[in-house]
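Heads up, the thing below is written out as structure tokens.
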Amino acid sequence: MLLSKKIPRIAGWLGLVAAAIGFTILVGWLTGRDLLAFVRMEPRPVRANAAVCLLSVGLALWNHARGGPRWFVYGCAALTLSLCGLTLAEYAFETDLRIDELFARDPTVPHPGRMRPPSCAALILIATALLCATGRPGRNRRFLVLWLSTLVVALSLASIFLQLFSTATAGQLAQTLRFGSHLAFGLLLIGLGLLALRTDGLFLGRLLAPTPSGVLARRLFFGVAVAPALLSLILAVALRTRLVGLVDGVGLFTVALIISGISIALLSLDAATDLDDSREQAERTRLHLTARLQEQAAQLQDTVGTRTRELREVNVSLRAAAEEQRRAQERLESANQRLQLAAQTAALGVWEWDAQTDRSSWDAGMIEIYGLAKTGFHGTHAEWGSRLHPADAEGALRAVALVRAGADSFEHTFRIIRPDGAVRTLYSRAIVQRDASGQLLRCIGTERDITAEREANQHLLELNERFKLALRSSHFGVWETDLATGHLHWDDRMLEIYGLNRADFDGTRTTWKQLIHPEDRLPALLKTERAFNDQDSFHDNEFRIIRPDGTVRHIEAHGQLLRDAAGKPLRLVGLNRDISLERKTEAALHLVEERWQLALEGNNDGVWDWDIATGHFFYDTRYSVMLGFALGELPAHYAGHFRLMHPDDREEFETENQAHLDGHRPFFQHEHRMQSKSGDWVWILDRAKVVSRAPDGRALRMVGTHTDITARKHLEQRLREAEELSQQVGQLAQIGGWELKLTSGELTFTEGARRIHDLAGAEQPTLDQALAFFPIEARETLKAALYSRTPAAPAFDFELPFMSAKGRALWVRVIGRAEFRESRAVALRGALQDITSRHDSEGARRELEGQLFQAQKMETLGTLAGGIAHDFNNLLTGIIGYHELAADTIPEDHPARACLNEARGASMRARDLVEQILTFSRQSAGEEHEAVDLTLVLKEAGRFLRATLAANVIIETDIPDDAGRGLANTTQIYQVVLNLGSNAAHAMRPNGGTLRISLRTADVGADRPGALSSAAPGRYLRLDVSDTGHGMNEATLRRIFDPFFTTKNSREGTGLGLAVVHGIIRAHRGVIDVESTPGVGTTFSIYLPVAEQTAAPAPGDQVRAPAGQGQVVYVVDDEELVGRFIKLALVGIGYEVQAFASAESCLETFNQPDSRCDLLLTDQTMPGQQGTELAAVMQVRLPNLPIIIMSGYFSKVPTQSLGELRNAHLLAKPFTTDELAHALNRAWQLATIQPDGGA
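When you read off a place in the sequence shown, starting at 1, and then add 195, the result is the number in our numbering.
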């Protein structure tokens, strides 16, 4: 941590030192003195403008490292870029802007000269890196700063070393890259400072990490960057001081570099081992955590089951409460119907006005009052206004405006003009409903036609008429009894009340008595008789009658006994009124009142009454018991009631209460806590309404109820906690619930199910919408499962593909169980779980198993081909060898000579065929890239494709012999051509087509487009493989190089062919491009780097291997044919040979005291001991013994065993006599030059 803080400070000091160098150089130019001449390696000093640039970038780095303002860095970088850009412009346009005269001490003296282009380029790189480091942080900017800084450091070091190694005859490269030593040293300091700016970046962050990877990075950095630089510096000093010569210095440099490389490799191997150990420990930790998570998931599943059962119990109780509420609603609707009947009986019209829509609705009574047809009113305010009498319209509209303005009630009398022209006087009364903010919602009221009453008042002066009108308007019937005759006289209203016609009433008292209800007959007659005896001649009576149609009516009777002057009764006159409607209304109101009381008792509510003016607060017994007090223990004033309230609830309570008191809300409702006598807090639902107001609108009296909702609050809290737990469990398990009611088709999703479907909000889809998320086949499977449940098979469990609303492709597990009533499924409940990860893992496992099987099959085929090639190579070794031995014994002009040459040519072609088999098995070559004649590789690949592809595929080649050599690996290029040819043939099935293979050179410029943009400019070999197949669209082209992507079925391809091709070409530092047109064909273009041209030795220049000098060679080969050939060949060129058929027989001779062996030539694959094992045993006694391992199948030669041998060489079968002689001579010479066995 301390080092990571100090390194950025060091970066600032490095910049300051570089700035000091630039400043010193600039002062020298201004004063005419070379202040740094004593440390300069070149003859001329650094240019003045280069010194200005070095000063600018050094100060910019110092400013950035200490956190200075950005504008300073931008200004310094801009100055540097401007000076370097102008200098490069002078070179480009061959002009002289004489910029350096600004820094000359004497303008008459020739200017110091321009900066050289390499100096400009290095300064531009530094300025660009500073701009990137100062700008907005980002990974791309850090990456660019790292590489720009590295490039500047490399250029600076190169310049310094070139000057250290410089000679009078320095090459063009040294003259071009070299610039001033002061400038190079300054740029080196700034480049190192930029690398040290961020200890958490791509370079220092990983280099300074205290982890095994950091240790490995530091060791590799030292071996790659530091050690070579230090060794080069030491070599330069040694050469300049002439301590060593150039050859000796290079040799010592090489030995030191190898030793340091091996040391770093061993140290890095330790760090890599630590990394492997850390990775294994992390894997064990991951497996342990996975087991823990699975255990916790099982516990969560048990918890979910328990909470689900609890939720079901709560659901049952909620349904019971809902059923009770429904019954109460039905009772309320019944009471409303009776009230409507009472309104009809009272000839009232009921209306409702919606203030939001400004539309009204009238009942049949209103339609009748206004004299309209049933469909004659359309509910508009204007239509109602058109019915108003002109004289009353303004007052009626003003009363409506008062309601809009905030009045709490509406009461008005006005006249209307009916469609028939009649003028009616109406009395209208309504209640006003408003929302919580006081906004008018609606008015509900009644209207009554009081035209008759108005007319009665107008004709009050005419007594008789007024009396009749009064009786008519009050619905009284007039009767009179003549006591002398006993005759009764009834007017029409009396007959109407009693349900009689004029002809049906005979006027006798007996008829009247018969109409009285039997239960009320005696009391009614007694009250009438009492009127004769009382001094008060007025009497009132009430009884029931039974009309001829059987209906019972309630009658209110008022009578007066008229006497003569002597006090003798003359007649009894009076009034009767049908009060059945009033009695029914009273009974209904009484019933409503009784039900209200029962509801209060059933709900356990307490009642309170608040006299607002005096503050007196009345409460009933239930109110006291609810809080644990006895009646009378609570204070009888509002302040005491308010003090019992929880402090946190008082402010909101006061706000809600005041809003209702001010008339902004039609009623008051609030939930708050009140303190009981025991000190516990009881949750109260407080509902109230102002029942009395002053004329100015002030509230005078307020009545309300208290309901104990503590249990409900606790239940709501438990429900919230259970719901939160359910949601958290659902998110962890990626599961959601669903319910389908089969009777109604209603589908309900939980939050987890909506989350899996990617549904917004509380959206609940229909069943068809939910099934649409599944493919057709899965949809049919799920639909069949939903509607085919039986008591014997109530559940189902499927894993199905699924597409969410946002287009996410998933796999889900659908679980369901049916609920039955009387053996009939009525509902389905289940869960939906996202199992995409598990399903993808299983699919990937199956795919990897298939790939493993394919790899094993190819490995088996390669092993078989290699084994065949090995045996065949042994035979070819004997054939070729004996051909050459026979040819050496026959004169050139002998007739058999030509036959032997043909036979030898056939044998060499057979050797090439074996090489092709080994190439096919991918066993014959390593990964090295060398100069390869691609002409031969492509022609051989063309012949192989011709032998393997269908006959309807025409192969055309355009491969010139002088195309040049490419830097490539023969086997891998061979594999690339075979893969592309196989794909082309597949694209042209079944009708065939033309496969073209061409090779030519191509120049890639700087303005290269498309895929070539990643290639460095230069000369390439372009290999084109094209076909006339079905082609590919853009979507396929974008994915053809993805691993495991294939357009073939699973039995024809794994999707790795083009991915392997792409990887091989990239490993060759080449580029692959593809062009395709659907229906036309496809062309793959491969660009490979051109190898440097080297003159191949002419056939006549081949040097024949020197003869042996009597060295004893042990030849070990289990093939006697090969052993005899080798013995004859070597004896013929001066070697002494002992041939053995096994390693055991060789060791038996070798272990004899007088045995001698100068070289060992052994086959690798033999019964018993292998060749490398035999060589290791023999080198125990003779450490410097040269070893030559022969094999026709080098993949079977263990690399580790070969590396443990000293002075070991490989010789591939089959070989010629000349190749054998060269191999022996080379092994002997190396053993002689390096007696310690170093190879």
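Heads up, the beta-carbon is just placed ideally off N, CA and C, and yes, glycines get one too. Note that the structure is a prediction, hence the values are computed from the model and not measured.
Exercise for the section: Taking A831 as the reference, give the member of H841, P842, S819 and G823 with the closest Cα. Expected result: Locating residue 831 in the sequence shown gives position 636, counting from the first residue. It is S819 whose Cα lies nearest to the Cα of A831.
Handout entry: Nonlocal neighbours in the same chain, by C-beta distance under 7 Å from W208, ignoring five residues either side
Key = Reading the sequence shown from its first residue, position 13 is the one you call residue 208. The answer is none, since no qualifying residue turns up.
Handout entry: Endpoints, the alpha helix (DSSP H) within which K978 is located
Key = Here residue 978 is taken as the residue at index 783 of the sequence shown, counted from 1. K978 -> alpha helix (DSSP H) spans I971 to L981.
Handout entry: Neighbourhood of A631 by C-beta, 6 Å cutoff - its chain only, sequence neighbours within 5 removed
Key = Indexing the sequence shown from 1 puts residue 631 at position 436. Hits under 6 Å: R860.
Practice task
Report yes or no: is there a C-beta of chain B within less than 8 Å of the C-beta of G223?
Solution key: No chain B appears in this structure, which consists of one protein chain only.
Exercise for the section: For the alpha helix (DSSP H) holding K1134, just list the boundary residues, first then last. Expected result: Reading the sequence shown from its first residue, position 939 is the one you call residue 1134. L1129 to T1143 is the extent of the alpha helix (DSSP H) around K1134.
Handout entry: Rounded separation between T945 and Q1170 - CA only
Key = Taking the sequence shown and counting its residues from 1, one reaches residue 945 at position 750. Taking the sequence shown and counting its residues from 1, one reaches residue 1170 at position 975. Approximately 56 Å between the Cα atoms of the pair.
Practice task
Starting from the Cα of T746, find the closest Cα among I711, I562 and N736 and give me that residue.
Solution key: Counting from 1 along the sequence shown, the entry for residue 746 is found at position 551. Measuring from the Cα of T746, the nearest candidate turns out to be I711.
Practice task
Could you tell me the boundaries of the beta strand (DSSP E) in which H734 lies?
Solution key: If you number the sequence shown from 1, residue 734 lands on position 539. Here the beta strand (DSSP E) through H734 covers F733 to I741.
Problem - N- and C-terminal bounds of the alpha helix (DSSP H) containing M1373 - result: Translated into positions along the sequence shown, residue 1373 becomes position 1178. Counting along the chain, the alpha helix (DSSP H) containing M1373 begins and ends at G1366 to R1376.
Practice task
Would you check if the distance between the CB atom of M821 and the CB atom of D881 is smaller than 8 Å?
Solution key: Start at 1 with the first residue of the sequence shown, and residue 821 comes out as number 626. Start at 1 with the first residue of the sequence shown, and residue 881 comes out as number 686. Going by C-beta atoms, M821 is not nearer than 8 Å to D881.
Problem - Limits of the unbroken beta strand (DSSP E) element including M689 - result: Indexing the sequence shown from 1 puts residue 689 at position 494. Note, M689: premise wrong, no beta strand (DSSP E); alpha helix (DSSP H) at D687 to Y693.
Exercise for the section: Decide if D963 is buried, meaning its Cβ has at least 16 other Cβ atoms within 10 Å, or exposed. Expected result: In the sequence shown, the residue the question calls residue 963 occupies position 768. Under this definition D963 is an exposed residue.
Practice task
Please work out which residues of its chain come closer than 8 Å, Cβ to Cβ, to R1160, disregarding the five sequence neighbours upstream and downstream, and give them in chain order.
Solution key: Here residue 1160 refers to the residue found at position 965 of the sequence shown. For R1160, where only same-chain residues beyond five positions count, the Cβ hits under 8 Å are A1126, V1127, D1128, L1129, V1285, A1286 and Q1288.
Handout entry: Given T641 as reference, the closest of E648, A647 and L621 once Cα atoms are compared
Key = Here residue 641 refers to the residue found at position 446 when the sequence shown is read from its first residue. Residue L621 is the option with its Cα nearest to T641.
Exercise for the section: For the beta strand (DSSP E) containing V252, list its first residue and its last residue. Expected result: Counting from one through the sequence shown, the residue named residue 252 turns up at place 57. Premise fails: V252 lies in the alpha helix (DSSP H), A243 to A260, not in any beta strand (DSSP E).
Practice task
In angstroms with no decimal places, state the Cα-to-Cα distance between C315 and L256.
Solution key: Within the sequence shown, the letter at position 120 stands for residue 315. Within the sequence shown, the letter at position 61 stands for residue 256. Their Cα atoms are separated by approximately 18 Å.
Practice task
Whole angstroms is fine: what's the gap from G1176's alpha carbon to V1266's?
Solution key: Here residue 1176 is taken as the residue at index 981 of the sequence shown, counted from 1. Here residue 1266 is taken as the residue at index 1071 of the sequence shown, counted from 1. Each residue's Cα considered, the two are about 18 Å apart.
Practice task
Would you mind reading off the limits of the beta strand (DSSP E) that contains Y1309?
Solution key: What you label residue 1309 is simply residue 1114 of the sequence shown in a count that begins at 1. It spans V1307 to V1311 - the beta strand (DSSP E) in which Y1309 sits, taken as one unbroken run.
Exercise for the section: On the DSSP bridge assignment, give the partners of A1082 in chain order. Expected result: Position 887 of the sequence shown, counted from the start, is the residue given in the question as residue 1082. In DSSP, A1082 forms no bridge with anything.
Exercise for the section: Just mark F1345 as buried or exposed, buried being the case when its beta carbon has 16 or more other beta carbons within 10 Å. Expected result: Taking the first residue of the sequence shown as position 1, residue 1345 is located at position 1150. So F1345 counts as buried.
Problem - Beta-carbon separation (whole angstroms), L278 vs A214, contact threshold 8 Å - result: The count along the sequence shown starts at 1 and reaches residue 278 at position 83. The count along the sequence shown starts at 1 and reaches residue 214 at position 19. About 15 Å separates the two Cβ atoms, so there is no contact after all.
Practice task
Using three-state DSSP, classify Q1424 as helix, strand or coil.
Solution key: Against the sequence shown, residue 1424 aligns to sequence position 1229. In the structure shown, Q1424 sits in a helix (DSSP, three-state: H, G or I).
Exercise for the section: Could you pull the start and end residues of the beta strand (DSSP E) that M897 belongs to? Expected result: One-based indexing of the sequence shown puts residue 897 at position 702. Note, M897: beta strand (DSSP E), A894 to D903.
Problem - Contact set for Y693: own chain, Cβ-Cβ below 7 Å, skip 5 residues either direction - result: Along the sequence shown, read from residue 1 onward, the residue named residue 693 stands at position 498. Excluding sequence neighbours, Y693 sits near L710, I740 and R742.
Handout entry: Among F824, L829 and A825, nearest to F812 - alpha-carbon criterion
Key = The residue you call residue 812 lines up with position 617 of the sequence shown. Residue L829 is the option with its Cα nearest to F812.
Practice task
Could you have a look at D963 and say whether DSSP puts it in helix, strand or coil?
Solution key: Reading the sequence shown from its first residue, position 768 is the one you call residue 963. Helix.
Handout entry: Three-state secondary structure assigned by DSSP to K872
Key = For the purposes of this step, residue 872 is identified with residue 677 of the sequence shown, where counting begins at 1. Coil.
Problem - Neighbourhood of G769 by C-beta distance below 7 Å, restricted to the same chain and skipping five residues each side - result: Taking the first residue of the sequence shown as position 1, residue 769 is located at position 574. Cβ neighbours of G769 beyond the five flanking positions: W674, A752, H753, G754 and Q755.
Problem - Closest Cα partner of L1354 within the set L1415, L757 and K1408 - result: The sequence position of residue 1354 within the sequence shown is 1159, counting from 1. Ranking L1415, L757 and K1408 by Cα distance to L1354 puts L1415 first.
Problem - Identity of the residue in W548, G1062 and T608 nearest L648 by Cα - result: By 1-based counting over the sequence shown, the position of residue 648 is 453. Sequence check: residue 648 is Glu here, not Leu. The shortest Cα separation from E648 among W548, G1062 and T608 belongs to T608.
Practice task
For the beta strand (DSSP E) containing Y622, list its first residue and its last residue.
Solution key: Locating residue 622 in the sequence shown gives position 427, counting from the first residue. Residues V618 to R629.
Exercise for the section: Name the two residues that bound the continuous alpha helix (DSSP H) containing K1322. Expected result: Walking along the sequence shown from the start, residue 1322 turns up at place 1127. Where K1322 is concerned, the enclosing alpha helix (DSSP H) stretches over E1315 to G1327.
Exercise for the section: Could you tell me which uninterrupted alpha helix (DSSP H) segments, each at least 4 residues in length, are contained entirely in the stretch 543-595, listed from first to last along the chain? Expected result: 559-564 and 576-581
Exercise for the section: Identify the continuous alpha helix (DSSP H) that holds V820 and give its terminal residues. Expected result: Taking the first residue of the sequence shown as 1, we reach residue 820 at position 625. T816 to M821 is the span of the alpha helix (DSSP H), which, as asked, contains V820.
Practice task
Return helix, strand or coil for R481, following the three-state DSSP convention.
Solution key: By 1-based counting over the sequence shown, the position of residue 481 is 286. It is helical.
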